[in-house]
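A quick write-up on the structure given underneath.
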Amino acid sequence: MTLNELFSVLHELEQADKLRVIQFLANELVQQPHHLFQSGASYEIWSPYEAHDAADKLHEMLKAAENK
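Under this note's numbering, think of the first position of the sequence shown as 3, with each following residue one higher.
This is the structure:
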């Protein structure tokens, strides 16, 4: 089963079953060793600070929604 097929099946589930899937996946993640970050390494993060293009796009979308 591909990931897209799985997403399609998950989309059709009832809310209670979706919550059970979330709980199952959270438990799986806790039990598996994870090495997402290396000690002492630095990682770049995104910040909305000075994201002018994103601000302009959001402003356009808000104006369009306001005019509806």
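Beta carbons are placed, not taken as given, at the ideal position from N, Cα and C, and that holds for glycine.
Straight-line Cα distance separating residue j from residue i
i   : j   : result
K25 : E46 : The question names Lys, yet the displayed sequence has Gln at residue 25. Taking the straight line from one Cα to the other gives about 30 Å.
L38 : K70 : 45 Å
H54 : N6  : 33 Å
E30 : S10 : 21 Å
Endpoints, alpha helix (DSSP H) assigned at residue i
i   : result
I24 : 17 to 33
A43 : No alpha helix (DSSP H) contains A43, which DSSP labels as neither H nor E.
E52 : It is not in any alpha helix (DSSP H) - E52 carries neither H nor E in the DSSP assignment.
H13 : 5 to 14
For residue i, the three-state DSSP class (helix, strand or coil)
i   : result
K65 : helix
K59 : helix
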